[in-house]
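Visitor: Numbering (the numbering used here), first residue to last: -18 to 379.
We put the CB at the ideal spot given by N, CA and C, even for glycine.
#1: Please state the DSSP three-state secondary structure of residue 240.
#2: How close, in whole Å, do the beta carbons of residue 34 and residue 107 come, if the pair is a contact with beta carbons under 8 Å?
#3: Compute the Euclidean distance between the alpha carbons of residue 46 and residue 165, then round it to the nearest angstrom.
#4: Give every residue of the same chain whose Cβ lies closer than 7 Å to the Cβ of residue 294, excluding the five residues on either side of it in the sequence, and list them in chain order.
#5: Between which residues of its own chain and residue 209 is the CB-CB distance below 6 Å, once the five residues before and five after are set aside?
#6: Who pairs with residue 121 in a beta bridge, going by DSSP?
#7: Which value, in whole angstroms, describes the spacing of the CA atoms of residue 89 and residue 51?
#8: Could you compute how far the alpha carbon of residue 12 sits from the alpha carbon of residue 40?
#9: Cα separation between residue 356 and residue 315?
#10: Starting from the C-beta of residue 136, find all residues in its chain whose C-beta is less than 7 Å away, skip the five residues before and the five after it, and write them out in chain order.
#11: Per DSSP, what kind of secondary structure is residue 246 in: helix, strand or coil?
#12: Of all the options 346, 95, 362, which has the alpha carbon lying nearest to the alpha carbon of residue 304?
#13: Starting from the C-beta of residue 211, find all residues in its chain whose C-beta is less than 7 Å away, skip the five residues before and the five after it, and write them out in chain order.
#14: So who's on the other strand from residue 312, going by DSSP bridges?
#15: Taking the CB atoms as reference points, tell me whether residue 192 and residue 245 lie closer together than 8 Å.
#16: How is residue 211 classed by DSSP in three states: helix, strand or coil?
#17: Consult DSSP for residue 302 and reduce its assignment to one of helix, strand or coil.
#18: For residue 269, tell me which candidate among 297, 301, 222 has the shortest Cα-Cα distance.
#19: Reducing DSSP to helix, strand and coil, say where residue 60 ends up.
#20: Give a yes or no on whether the C-beta atoms belonging to residue 103 and residue 56 are separated by under 8 Å.
#21: Expressed to the nearest angstrom, what Euclidean distance is found between the alpha-carbon atoms of residue 141 and residue 200?
#22: Thinking C-beta only, is residue 116 closer than 8 Å to residue 149?
#23: Three-state secondary structure (DSSP) at residue 101?
#24: Whole angstroms are fine: how far does the CA of residue 129 sit from the CA of residue 213?
#25: When we look at the beta-carbon of residue 134 and count the other beta-carbons within 10 Å, is it buried (16 or more) or exposed?
#26: Going by CA-CA distance only, name the one from 64, 342, 43, 321 that's closest to residue 290.
#27: Where in the region 308 to 360 do unbroken runs of the beta strand (DSSP E), each at least 3 residues long, occur, reported from the N-terminal end onward?
#28: What are the uninterrupted segments assigned as beta strand (DSSP E) that are 3 or more residues long and contained completely in the region 152 to 199, given in chain order?
#29: Determine the direct distance from the alpha carbon of residue 240 to that of residue 338, and round the result to whole angstroms.
#30: Please determine whether the Cβ atom of residue 139 lies at a distance below 7 Å from any heavy atom of the ligand MG.
#31: Assign residue 35 to one of three DSSP states: helix, strand, or coil.
#32: So, with DSSP's three-state summary, where would you put residue 136?
#33: Where residue 265 and residue 254 are concerned, what is the direct C-alpha to C-alpha distance, given to the nearest angstrom?
#34: Applying the 10 Å Cβ sphere with the 16-neighbour rule, what's the burial state of residue 76?
#35: Assuming contact is defined by CB atoms lying nearer than 8 Å, are residue 145 and residue 54 in contact in what I supplied?
#36: Any idea if residue 79 is buried or exposed, counting beta-carbon neighbours within 10 angstroms, 16 or more meaning buried?
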């Protein structure tokens, strides 16, 4: 009896571990509708010691940790050519051979082959194979040999999956904060992270239609972002992650229905303000400025926008909202960047859904003053007065 109880407890512990390890990917690996990885736990059959009731084993061609990474994506170039697992990362347990796991493995194997063919155009554009992965909402090209995260170097494969996970987390958070659903988007987002400046130059031209030493974005229907991740541009992983969050937020907003970029039609305050807002949300720092990304020395008050805005309001020496909302992204001054962040902060703190409505009006090229009047029922001067009171009540004094 003791042996049976021990085996049952072991199965339960492993089930809990597996469910945690497999979480956080493009979709639940056990969801057959998603075409994800095979189910982690098979119930209602005799306990199998070899696979510990999972019905599968790590592929013999990969480390177990690498196999677990494959549960979080629909496709990964690091394992896609494996003759043993076919990119799944796992093989059927030869002892218990559960039919449902066999079917799931075969389904994902076929899906990996399909996605490999569908993504080959990326390799063809660059003239050589790329390290890439596809998840529920992103295609990520990750051409860094290694990356230092939390004082530890991780492999290119680990870095690829780490940034896929981070991108999906940002996507989910964006939907939650804006109170929208995935139906607002049509295409998957493409992110290209290069290490060599020449690769970035060629890649940004090939996939974004232009090139520059800083980050390059393609807004709207085929949202893409290309960036050179060399140490000259980003001294650490946190700064790189922050840049990705800022820039991909631009992509999300531009692709949100109706797909349109408002940054050059006097909607710069909302476009840049929202990207700053997500930076501040995770790090309490805003240090990315579009159209000035090549200049790594650009800074405003150490990126501490809340304190900076409070001081501007207290001093009453700040640009008026009437002036700020007339700017495109490339004409926003540094103080205006901080104010734009704060306007967005105020709107989201009140009602994310209404802010999404406001953005839709801006995408119709409705002037900000008229859009605010339509969505919130107040004029621009009344909004500014209410916002100032809120800043003094909410933002830190030091």
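Guide: According to the data block:
#1: Sequence index remark: in the chain shown, residue 240 carries index 259 (1-based). Residue 240 falls in the coil class under three-state DSSP.
#2: Counted from its first residue, the chain shown places residue 34 at position 53. Counted from its first residue, the chain shown places residue 107 at position 126. Going by Cβ atoms, the distance from residue 34 to residue 107 rounds to 44 Å, so no, they are not a contact pair.
#3: What you label residue 46 is simply residue 65 of the chain shown in a count that begins at 1. What you label residue 165 is simply residue 184 of the chain shown in a count that begins at 1. In a straight line, the C-alpha of residue 46 is about 35 Å away from that of residue 165.
#4: Position 313 of the chain shown, counted from the start, is the residue given in the question as residue 294. Once the five neighbours on either side are set aside, the close Cβ partners of residue 294 are 369, 372, 373.
#5: For the purposes of this step, residue 209 is taken as residue 228 along the chain shown, with counting starting at 1. Closer than 6 Å at Cβ, skipping near neighbours: 175, 178, 181.
#6: Sequence index remark: in the chain shown, residue 121 carries index 140 (1-based). Beta-bridge pairing links residue 121 to 114, 172.
#7: Taking the first residue of the chain shown as position 1, residue 89 is located at position 108. Taking the first residue of the chain shown as position 1, residue 51 is located at position 70. For residue 89 and residue 51, the distance between alpha carbons rounds to 11 Å.
#8: The residue given as residue 12 occupies position 31 in the chain shown. The residue given as residue 40 occupies position 59 in the chain shown. With a pLDDT of 37 at residue 12, under the threshold of 50, the modelled position of that residue is not reliable, and the figure given next carries that caveat. One C-alpha to the other measures close to 21 Å.
#9: By 1-based counting over the chain shown, the position of residue 356 is 375. By 1-based counting over the chain shown, the position of residue 315 is 334. One C-alpha to the other measures close to 28 Å.
#10: The residue given as residue 136 occupies position 155 in the chain shown. If we look at residue 136 and ignore the five residues flanking it on each side, its Cβ neighbours are 127.
#11: On the chain shown, residue 246 is found 265 positions in, with the first residue counted as 1. Residue 246 falls in the coil class under three-state DSSP.
#12: The residue you call residue 304 lines up with position 323 of the chain shown. The residue with the shortest Cα to Cα distance from residue 304 is 362.
#13: One-based indexing of the chain shown puts residue 211 at position 230. Counting only Cβ-Cβ distances below 7 Å, and skipping sequence neighbours, we find 176, 178.
#14: The sequence position of residue 312 within the chain shown is 331, counting from 1. According to DSSP, residue 312 bridges with nothing at all.
#15: Residue numbering aside, residue 192 sits at position 211 when the chain shown is read from its first letter. Residue numbering aside, residue 245 sits at position 264 when the chain shown is read from its first letter. No; because the gap between Cβ atoms is not below 8 Å, this pair is not in contact.
#16: Looking up residue 211 in the chain shown gives position 230. Reduced to three states, the DSSP call for residue 211 is coil.
#17: Residue mapping note: residue 302 aligns to position 321 of the chain shown, counting from 1. Three-state result, residue 302: helix.
#18: In the chain shown, the residue the question calls residue 269 occupies position 288. The shortest Cα separation from residue 269 among 297, 301, 222 belongs to 222.
#19: Numbered from 1 along the chain shown, position 79 holds the residue referred to as residue 60. Residue 60 falls in the coil class under three-state DSSP.
#20: Residue mapping note: residue 103 aligns to position 122 of the chain shown, counting from 1. Residue mapping note: residue 56 aligns to position 75 of the chain shown, counting from 1. Not in contact: residue 103 and residue 56 (Cβ atoms no closer than 8 Å).
#21: The residue given as residue 141 occupies position 160 in the chain shown. The residue given as residue 200 occupies position 219 in the chain shown. The alpha-carbon atoms of residue 141 and residue 200 are separated by roughly 23 Å.
#22: What you label residue 149 is simply residue 168 of the chain shown in a count that begins at 1. What you label residue 116 is simply residue 135 of the chain shown in a count that begins at 1. Against a cut-off of 8 Å, the Cβ pair of residue 116 and residue 149 comes out as a contact.
#23: Counting from one through the chain shown, the residue named residue 101 turns up at place 120. Correct three-state label for residue 101: helix.
#24: One-based indexing of the chain shown puts residue 213 at position 232. One-based indexing of the chain shown puts residue 129 at position 148. Using only the alpha carbons, I get a separation of about 14 Å.
#25: For the purposes of this step, residue 134 is identified with residue 153 of the chain shown, where counting begins at 1. Exposed: under 16 other Cβ atoms inside 10 Å.
#26: Residue numbering aside, residue 290 sits at position 309 when the chain shown is read from its first letter. Of the candidates 64, 342, 43, 321, the one whose C-alpha sits nearest the C-alpha of residue 290 is 321.
#27: none
#28: 170 to 175, 197 to 199
#29: Start at 1 with the first residue of the chain shown, and residue 338 comes out as number 357. Start at 1 with the first residue of the chain shown, and residue 240 comes out as number 259. Distance between the alpha carbons of residue 338 and residue 240: 14 Å.
#30: Among the components modelled here there is no ligand, and therefore nothing to report on the ligand MG.
#31: Against the chain shown, residue 35 aligns to sequence position 54. Three-state result, residue 35: coil.
#32: Your numbering for residue 136 matches position 155 in the chain shown. Here residue 136 sits in strand by DSSP.
#33: Locating residue 265 in the chain shown gives position 284, where the first residue counts as 1. Locating residue 254 in the chain shown gives position 273, where the first residue counts as 1. If I take the Cα positions, the gap works out to 14 Å.
#34: In the chain shown, residue 76 corresponds to position 95, counting from 1. Exposed: under 16 other Cβ atoms inside 10 Å.
#35: Locating residue 145 in the chain shown gives position 164, where the first residue counts as 1. Locating residue 54 in the chain shown gives position 73, where the first residue counts as 1. Yes.
#36: As a working note, residue 79 is residue 98 in the chain shown. Per the 10 Å Cβ criterion, buried.
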